[in-house]
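Numbering (our numbering), first residue to last: 355 to 827.
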C-alpha cells in the first residue's frame, strides 16, 4: 500500500511533458501591395463595407431577402453545420480523458465450483454467493502528453470546422449573388430585345408598306423579316437562359424550382468600392486559409500523440465498496473493501507499427503545411484576378459606351435616310444589327463587372475574419 501511494505521489509531482514539435505557422510570401490596383479605385479599409451581410453593398432588397433565405434553408449549409457539430463532439470525447472516469460496479451471483477444480482445498464450499457493490475509478496520468495532444488536435479541428462552415457560407452567398446578378443582367437583355423587336417590327411594317407601293424591293422586305425573326429568336434564347438561373436560385435558397419565380425587372446596380486592405490581411480574413492553418496545427499535435506511443501508458485505478458471500447484509464494516494502485502498459515489440504511425503523422503534417501554402497562393491569385477584371472591364465599359452612342446615332441616321429613299434597307439592317450588338456587349460588360465585384469580395474573405473562430476552447 505504501509503495502504491508513493508511486502515485511521484507521478503527480512529475512535470507533464508534450512530445509534439513546437508549432509554427508555415511561412508564406506576401507582397506589400496588390499588383493589379489600376484605374479602378478600391475603397479604403475604413469604407462602410457591411461585415457578414456584405451583399448589402448592392442595395437590392430582393437580393437581401434571397440571402436571408439561403442562411435559413440551404441544405449545403446545414451539412456544414452538422460537420462542425460532429467536430465539437469529437473534442468533447477527447477532453473526457483528462479527468478520471468514475463508474458504479455491482453484482449478486450464486456460484457452484467444480469438485475437481485443480488445487481446490477440502474446506472450500461447493456452493457460494458473491455480492459486490462499489465505486470504481480510473485515470490516465498522461505523463507523455498523449491525451493533451489529442485535445489540442481536437480543438484545432473544431476551429478548422468553424472556418470550413464560414467557407461554405461565403461560397454559397457569393454563388447566390453571382447567379442573381447574372439573372438581372439577362433581364436587361430581355428589355433591350423586346424594345428592339418593337423597333424591328416597325421597320418591317414600313418596308412592307413601301414594298406594297412598289418603292422597296422584295429583297428589302425579306431582309426586314429576317432581322425581326433573329431578334425574336435571341429573345427566346435569353428567356431560356434566365429560366435556368431562376431554377438555380431556387435550389440555393432551399425552394422547389417548380414553385419559385422572380419577376423580370431592370435593376440599376452600381459597382461598389470594395476595401481590400494590404495583402497580409488576407491571411486573417479568408476562412479557407484559417481552416488550412488549423489543420496544420492539428496534424502537428498528432505527431505528439504518435510519439507518446513509444512510452509506457501509466494509469491509476481504484475500487471502493462492499463484498460478501451473500449470507448477510452487504453494507457492513467487515464487508468493506478498497483497492488503489497504478498499472502500466508498454509495447516491447510491434514490428515497426509505432514507427509507421509516426511516419504517417509527420507526412500528414507536411501535407497539411503544403496545402496551407497552396491555399494562400490561390487566395492571392483570386484577389489579383478579380482586381484585374475590375480594372480592365472598367476601361472596356467606357470604350463600349462610346461605341453604343456612335452605333445608336448611325442606326437613327440610316433609318431616316431610308425613309427618304437615300439608302437601301441593307444599310439599315447593318446599322441596327451593329447597334444591337453594341448594346448587348455593354450590358454583358456591366454584368461581368458586377460578377467580378462579387468575386473580389469573396476573394478577400467577405465579411468574415479570423476572429470569428470560436473563442479558446
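Backbone N, C-alpha and C fix where the C-beta goes; we use that ideal spot for every residue, glycine too.
Which residues bound the beta strand (DSSP E) around residue i?
{"i": "residue 465", "result": "455-466"}
{"i": "residue 491", "result": "481-494"}
If you drop the 5 nearest sequence neighbours on each side, which residues of the same chain put their C-beta closer than 7 Å to that of residue i?
{"i": "residue 389", "result": "738"}
{"i": "residue 808", "result": "528, 531, 532 and 535"}
{"i": "residue 727", "result": "380 and 382"}
{"i": "residue 480", "result": "466, 467 and 469"}
{"i": "residue 634", "result": "384"}
{"i": "residue 741", "result": "388, 390, 391 and 810"}
{"i": "residue 620", "result": "541, 542 and 545"}
{"i": "residue 375", "result": "654 and 657"}
{"i": "residue 430", "result": "522 and 526"}
{"i": "residue 681", "result": "483"}
{"i": "residue 377", "result": "651 and 654"}
{"i": "residue 795", "result": "754"}
{"i": "residue 398", "result": "At residue 398 the pLDDT is 48, less than 50, meaning the model places this residue with poor confidence and gives no usable figure here."}
Tell me where the alpha helix (DSSP H) around residue i begins and ends.
{"i": "residue 693", "result": "Here residue 693 belongs to no alpha helix (DSSP H); instead the beta strand (DSSP E) covers 690-699."}
{"i": "residue 470", "result": "Residue 470 -> no alpha helix (DSSP H), and no H or E assigned at all."}
{"i": "residue 667", "result": "It is not in any alpha helix (DSSP H) - residue 667 instead sits in the beta strand (DSSP E) that spans 667-678."}
{"i": "residue 388", "result": "Residue 388 -> no alpha helix (DSSP H), and no H or E assigned at all."}
{"i": "residue 758", "result": "707-773"}
{"i": "residue 793", "result": "779-813"}
{"i": "residue 440", "result": "429-449"}
Once you ignore the five residues that flank residue i on each side, which residues in its own chain have a CB closer than 8 Å to its CB?
{"i": "residue 592", "result": "540, 543, 544 and 547"}
{"i": "residue 588", "result": "547"}
{"i": "residue 428", "result": "526, 606, 607 and 608"}
{"i": "residue 554", "result": "578, 581, 582, 585 and 786"}
{"i": "residue 400", "result": "Unreliable positioning characterises residue 400 in this predicted model, as indicated by a pLDDT of 45, which lies under 50. The coordinate reading is nonetheless provided below. Contacts found: 629."}
{"i": "residue 436", "result": "none"}
{"i": "residue 496", "result": "370, 451, 452 and 502"}
Rounded to whole angstroms, what is the Cα-Cα separation between residue i and residue j?
{"i": "residue 463", "j": "residue 668", "result": "32 Å"}
{"i": "residue 442", "j": "residue 457", "result": "24 Å"}
{"i": "residue 520", "j": "residue 407", "result": "13 Å"}
{"i": "residue 507", "j": "residue 650", "result": "9 Å"}
{"i": "residue 615", "j": "residue 419", "result": "14 Å"}
{"i": "residue 600", "j": "residue 590", "result": "15 Å"}
{"i": "residue 758", "j": "residue 384", "result": "42 Å"}
{"i": "residue 492", "j": "residue 654", "result": "28 Å"}
{"i": "residue 445", "j": "residue 504", "result": "8 Å"}
{"i": "residue 658", "j": "residue 639", "result": "30 Å"}
{"i": "residue 488", "j": "residue 672", "result": "10 Å"}
{"i": "residue 524", "j": "residue 805", "result": "15 Å"}
{"i": "residue 413", "j": "residue 425", "result": "18 Å"}
{"i": "residue 360", "j": "residue 373", "result": "In this prediction, residue 360 scores a pLDDT of 47, lower than 50, which makes its location untrustworthy; no coordinate-derived value is stated."}
{"i": "residue 815", "j": "residue 705", "result": "48 Å"}
{"i": "residue 509", "j": "residue 812", "result": "26 Å"}
{"i": "residue 793", "j": "residue 783", "result": "15 Å"}
{"i": "residue 552", "j": "residue 766", "result": "15 Å"}
{"i": "residue 423", "j": "residue 416", "result": "11 Å"}
{"i": "residue 402", "j": "residue 624", "result": "With a pLDDT of 44 at residue 402, under the threshold of 50, the predicted position of this residue should be treated as unreliable, though the coordinate-derived value follows. Looking at the two C-alpha atoms, the distance is approximately 15 Å."}
{"i": "residue 561", "j": "residue 570", "result": "7 Å"}
{"i": "residue 404", "j": "residue 626", "result": "Here residue 404 scores only 48 on pLDDT, less than 50, and its place in the model should not be relied on; the value that follows carries that caveat. If I take the Cα positions, the gap works out to 12 Å."}
{"i": "residue 752", "j": "residue 567", "result": "44 Å"}
Going by beta-carbon coordinates alone, are residue i and residue j separated by less than 9 Å?
{"i": "residue 715", "j": "residue 656", "result": "yes"}
{"i": "residue 628", "j": "residue 637", "result": "no"}
{"i": "residue 494", "j": "residue 679", "result": "no"}
{"i": "residue 670", "j": "residue 694", "result": "yes"}
{"i": "residue 780", "j": "residue 574", "result": "yes"}
{"i": "residue 460", "j": "residue 675", "result": "yes"}
{"i": "residue 652", "j": "residue 500", "result": "no"}
{"i": "residue 744", "j": "residue 803", "result": "yes"}
{"i": "residue 596", "j": "residue 618", "result": "yes"}
Got a sec? Which residues, its chain only, sit under 6 Å from residue i by beta carbon, not counting five neighbours each side?
{"i": "residue 887", "result": "Not covered by the structure: residue 887. The range shown for the chain is 355 to 827."}
{"i": "residue 556", "result": "none"}
{"i": "residue 646", "result": "725, 726 and 729"}
{"i": "residue 434", "result": "519 and 522"}
{"i": "residue 722", "result": "649, 650 and 653"}
{"i": "residue 790", "result": "550"}
{"i": "residue 448", "result": "504, 505 and 508"}
Please report whether the beta-carbon of residue i lies at a distance below 9 Å from any beta-carbon of chain D.
{"i": "residue 761", "result": "Of the protein chains in this structure there is only one, and it is not chain D."}
Handout entry: Segments of 3+ residues assigned as beta strand (DSSP E) that fall wholly inside the segment 617-659
Key = Entirely contained in the segment 617-659, not one beta strand (DSSP E) run reaches 3 residues.
Exercise for the section: Starting from the N-terminal side, write out each stretch of the alpha helix (DSSP H) that is 4 residues or longer and does not extend beyond the segment 531-598. Expected result: Those alpha helix (DSSP H) runs which fall completely within the segment 531-598 and span 4+ residues do not exist here.
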